[in-house]
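Enquirer:
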Amino acid sequence: MNADDFGLSAGVNRGILEAHAAGVVSSVSVLVNTPGWTDGARLLRGIGPGLGVGLHLNLTTGRPVSWGGSLCDARTGWFHPLRRLIPRALAGRIDPGDIAIECTAQIARLRNAGLIVTHLDSHRHVHVLPGVWGPVVETARREGIQVVRVPLEPYSVNVMSWRALLKKATLRLAWSFAAGGASPLRRPDRFVGISLQGSPRFLRRLLALLDHLKPGTTELMVHPGHPDGDLAAWDDYTAPRARELAALTRPEVRERFRRGSFRLIHFGAL
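Following this note's numbering, the numbering of the sequence shown begins with 42 at its first residue and continues without gaps.
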């Protein structure tokens, strides 16, 4: 169970660690250039080895850790937002070298905080874009990070949500062009979480997923947190984080993890 967006705000950090303390979150993906980063790094240094820590590569929000180059608006120095990054990446207007430099800088910031990096994924899944996937995977390999997320949720999961189906299809198409349909690095056997995000039926869908896990390893992506001012200023996914946290820490969910026929691990155990 991996919680994305650790480091986004103090409230998100606190919520994710509450879910970890409840015994349901075993891994976090960390943003290193957002308001909650300093607080988050301090908290993570006090957590034991049972919580895996990965980089949540950010190429769309705020300022880069490196100089940024073609990833940024030359007038402001801020990253191009997602709606501008996508067409630029597809048109070949993002320098792969700039991506590699920024990815390396964010990995270094995480490691310089005294943290072991178990995996890599990205904010808004931008690493699966054509023109972005290649330099990210090459950088991960060079830095000794063997696990990179491939966010391809099966279409059979939550077929009733057209928004989830559209997002799944978009990610699958982007990655198929970017990677040629094959991942050169290690990853879990399955990925789920797209259909959970923003759902008013989060608890019901989560329990259904846990009750029907297939043999092998499954990454389950979640976004718990306590909404606060920094979160509202930096991200539009706010209120659902509290709903996710409430569901993840409910007794019936905790009981599934204590008595289920599965074992909770982090990416360092793959």
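Beta carbons are placed, not taken as given, at the ideal position from N, Cα and C, and that holds for glycine.
1) Just verifying my parser: in three-state terms, what is the DSSP assignment at leucine 226?
2) When the Cα atoms are used, what is the spatial distance from valine 189 to glycine 270?
3) Select from Ala146, Val106, Gln147, Thr101 the residue whose C-alpha is nearest the C-alpha of isoleucine 127.
4) State the start and end residues of the unbroken alpha helix (DSSP H) segment that holds histidine 61.
5) On the premise that leucine 289 lies in contact with proline 265, defined as a C-beta separation below 8 angstroms, what is that separation, rounded to the nearest angstrom?
6) Quick check: alanine 130 and leucine 170, are their CB atoms within less than 8 angstroms of each other?
7) When the Cα atoms are used, what is the spatial distance from methionine 201 to leucine 207?
8) For aspartate 46, report the span of its alpha helix (DSSP H) as first-last.
9) At what residue ranges does the segment 223 to 290 contain a whole run of the beta strand (DSSP E), taking only runs of 3 or more?
10) Taking the continuous alpha helix (DSSP H) assigned at glycine 175, which residues delimit it?
11) Return the CA-CA distance between cysteine 113 and isoleucine 142, expressed in angstroms with no decimal places.
12) Closest by CA to glycine 95, which one among Phe243, Tyr278, Cys144?
13) Does the Cβ of arginine 204 have 16 or more other Cβ atoms within 10 Å, making it buried, or fewer, making it exposed?
14) Assign serine 202 to one of three DSSP states: helix, strand, or coil.
15) Under 7 angstroms Cβ to Cβ from threonine 180, same chain only, skipping five residues before and after it: list those, please.
16) Would DSSP call valine 66 helix, strand or coil?
17) Less than 8 angstroms between the CB atoms is what I'm expecting for leucine 193 and tryptophan 174, so what's the real figure, rounded?
18) Name, in chain order, the residues that DSSP records as bridge partners for cysteine 113.
19) Secondary structure at serine 163, three-state DSSP: helix, strand or coil?
20) Counting only the same chain and skipping the five closest in sequence on each side, list residues whose C-beta sits under 7 angstroms from that of leucine 305.
21) Would you tell me roughly how many angstroms separate the C-alpha atoms of methionine 262 and arginine 152, rounded to the nearest one?
22) Pick from Pro229, Asp277, Arg284, Phe218: whose alpha carbon is nearest that of proline 241?
23) With valine 94 as the anchor, note down where its beta strand (DSSP E) starts and where it stops.
Expert: Reading off the structure:
1) coil
2) So the two alpha carbons sit approximately 31 angstroms from each other.
3) Thr101
4) 51 to 62
5) With a Cβ gap of about 6 angstroms, proline 265 and leucine 289 count as contacting.
6) yes
7) 11 angstroms
8) The continuous stretches of alpha helix (DSSP H) do not include aspartate 46, which lies in the beta strand (DSSP E) extending over residues 43 to 47.
9) 231 to 233, 259 to 263
10) 174 to 183
11) Rounded to whole angstroms, cysteine 113 to isoleucine 142 spans 13 angstroms at the Cα level.
12) Cys144
13) Classification of arginine 204: exposed, given that the 10 Å Cβ count is below 16.
14) coil
15) Ala141, Cys144, Thr145
16) coil
17) With a contact defined as Cβ atoms closer than 8 angstroms, leucine 193 and tryptophan 174 miss out at about 13 angstroms.
18) Looking at the DSSP assignment, cysteine 113 forms a beta bridge with Phe120.
19) strand
20) Residues Met42, Ser67, Phe298 of the same chain have their beta carbon placed closer than 7 angstroms to that of leucine 305, with the five preceding and five following residues left out of the count.
21) 23 angstroms
22) Arg284
23) 93 to 98
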